[in-house]
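K.L.:
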Ligand code: NAD
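This is how it looks when you write it as structure tokens:
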């Protein structure tokens with residue numbers, strides 16, 4: 004039942020997500036897109052020429068669409084796209100009435116709250132949701148992302164959200180209340196990033212003792228150490244051919260993003276009064292990886308290189 008859907012941020016994740024909307028939504032629905040990179044806009048609008056429209060700003064997307072989705076790198080970009088007084092989504096309050104706005108970016112909960120507060124104060128009928136995703140670029144391409152929604156399971160908009168987001172998601176989990184989607188995502192990435200470090204050390208130890216990493220991966224999978232990082236994103240190249248490590252750690256979840264999420268998780272732990280002992284260690288390791296020439300720009304599981312495990316493999 005949508006005539007117009009807008010997507011802002013056509014990066015590694017946003018481009019395939021918007022692509023699913025363009026491929027799945029009825030032809031009568033126009034997909035408005037905006038990105039600060041002209042190249043990304045041009046590429047998308049050439050591919051979906053018949054049904055997409057290139058906007059000149061986030062404001063123009065908001066003015067023309069009933070539903071607006073954003074997928075931006077960090078809090079500063081999200082603030083810019085929503086709150087810039089000339090070009091942002093909130094720049095023309097009267098156009099926002101009754102609209103549904105969904106932010107898929109992984110950012111801090113305070114920025115998300117600020118934006119939600121701003122939107123409801125200028126346009127009380129507008130609904131805003133935090134909806135960070137998991138599953139990486141592969142999940143975005145295959146349309147099988149997991150989405151953590153900042154809303155109650157009884158939210159009246161949930162059926163509408165489910166029907167739209169299932170275009171690119173296999174699992175949609177209402178996390179309870181606004182910002183809880185982000186809190187869940189940061190908690191998840193903290194755990195996943197720590198497992199990648201622990202797995203790198205565990206593999207290194209086993210490999211230095213003479214074991215083949217493929218045998219070690221089978222042992223973990225059959226035992227109490229079974230986990231999704233080793234099963235799907237194994238830090239050691241060649242264990243699983245679809246893991247980023249097996250293609251030179253390219254096209255995965257970058258060390259820069261993991262460093263950002265560890266910083267956000269650290270802030271969250273401090274704010275809610277939770278321990279962050281391993282989080283501090285993890286943050287230092289991902290910061291080091293970002294500075295290290297052999298790791299920067301690559302999938303975060305490249306920390307194996309820092310921890311000494313890729314001598315033979
Ligand atoms: P990306 O850097 O590839 O893409 C971001 C896009 O936003 C770029 O095209 C950029 O030009 C655009 N942009 C920046 N500021 C803008 C603005 N003000 N207005 C319009 N466009 C703007 O990032 P990504 O990998 O797609 O990640 C996006 C978010 O998703 C991040 O918060 C990240 O943590 C999260 N995420 C990423 C992955 C992954 O594997 N890449 C997985 C899960 C979640």
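Numbering (UniProt numbering), first residue to last: 4 to 316. Every residue gets a Cβ at the ideal spot worked out from N, C-alpha and C, and that includes glycine.
(1) Among 269, 118 and 20, which has the Cα closest to the Cα of residue 289?
(2) Given 8 Å as the limit, tell me if residue 260 has its C-beta closer than that to any heavy atom belonging to ligand 1.
(3) Quick check: residue 146 and residue 29, are their CB atoms within less than 9 Å of each other?
(4) Are the CB atoms of residue 7 and residue 92 within a distance shorter than 9 Å?
(5) How do the region 248-258 and the region 301-315 stand: do at least 3 beta-carbon pairs fall below 8 Å, yes or no?
(6) With ligand 1 as the reference, list in chain order each residue whose Cβ lies under 6 Å from any of its heavy atoms.
(7) To the nearest angstrom, how far is the alpha carbon of residue 165 from that of residue 175?
(8) Could you tell me the distance, in whole angstroms, from the CA atom of residue 168 to the CA atom of residue 44?
(9) Nearest CA to the CA of residue 203: which residue from 272, 144 and 228?
(10) Taking the alpha carbon of residue 60 as the reference point, which residue from 116, 53 and 68 has its own alpha carbon closest?
(11) Three-state secondary structure (DSSP) at residue 142?
(12) Out of 23, 53 and 76, which has the shortest C-alpha to C-alpha gap to residue 39?
(13) My assumption, with CB atoms under 8 Å, is that residue 81 sits in contact with residue 37. Please give the rounded CB distance.
(14) With a cut-off of 8 Å on the beta carbons, I'd call residue 136 and residue 150 a contact; round off their distance for me.
(15) Might you give, ordered along the chain, the residues of its own chain that have their beta carbon closer than 6 Å to the beta carbon of residue 103, omitting 5 neighbours on each side?
(16) In angstroms, rounded to a whole number, what distance separates the CA positions of residue 13 and residue 74?
P.N.:
A quick look at the data gives this:
(1) The count along the chain shown starts at 1 and reaches residue 289 at position 286. Residue 269 is the option with its Cα nearest to residue 289.
(2) For the purposes of this step, residue 260 is taken as residue 257 along the chain shown, with counting starting at 1. For ligand 1, at least one heavy atom lies less than 8 Å from the Cβ of residue 260.
(3) Position 143 of the chain shown, counted from the first residue, corresponds to residue 146. Position 26 of the chain shown, counted from the first residue, corresponds to residue 29. Their beta carbons are not under 9 Å apart, which means residue 146 does not touch residue 29 by this criterion.
(4) Taking the first residue of the chain shown as position 1, residue 92 is located at position 89. Taking the first residue of the chain shown as position 1, residue 7 is located at position 4. Going by C-beta atoms, residue 92 is not nearer than 9 Å to residue 7.
(5) Pairwise C-beta distances place the region 248-258 in contact with the region 301-315, as three or more of them are shorter than 8 Å.
(6) After applying the 6 Å Cβ criterion, the set is 11, 12, 13, 14, 15, 16, 17, 37, 38, 39, 40, 43, 61, 74, 75, 76, 80, 83, 84, 108, 109, 136, 137, 139, 140, 256 and 260.
(7) As a first step, residue 165 must be located in the chain shown, where it is residue number 162. As a first step, residue 175 must be located in the chain shown, where it is residue number 172. If I take the Cα positions, the gap works out to 7 Å.
(8) On the chain shown, residue 168 is found 165 positions in, with the first residue counted as 1. On the chain shown, residue 44 is found 41 positions in, with the first residue counted as 1. The straight-line gap from Cα to Cα measures roughly 22 Å.
(9) Here residue 203 is taken as the residue at index 200 of the chain shown, counted from 1. Taking only the C-alpha atoms, the option nearest residue 203 is 228.
(10) Mapped onto the chain shown, residue 60 falls at position 57. Selected option, being the one with the closest Cα: 68.
(11) Reading the chain shown from its first residue, position 139 is the one you call residue 142. Residue 142: helix per DSSP, three-state reduction.
(12) Position 36 of the chain shown, counted from the first residue, corresponds to residue 39. Cα-wise, what sits closest to residue 39 is 76.
(13) Taking the chain shown and counting its residues from 1, the one referred to as residue 81 is at position 78. Taking the chain shown and counting its residues from 1, the one referred to as residue 37 is at position 34. Incorrect: roughly 14 Å between the Cβ atoms, too far for contact.
(14) As a position in the chain shown, residue 136 is number 133, starting the count at 1. As a position in the chain shown, residue 150 is number 147, starting the count at 1. For residue 136 against residue 150, the beta-carbon gap comes to about 5 Å, under 8 Å, which counts as contact.
(15) As a working note, residue 103 is residue 100 in the chain shown. Answer for residue 103: 70 and 130, listed in chain order.
(16) By 1-based counting over the chain shown, the position of residue 13 is 10. By 1-based counting over the chain shown, the position of residue 74 is 71. Between residue 13 and residue 74, the C-alpha separation is close to 7 Å.
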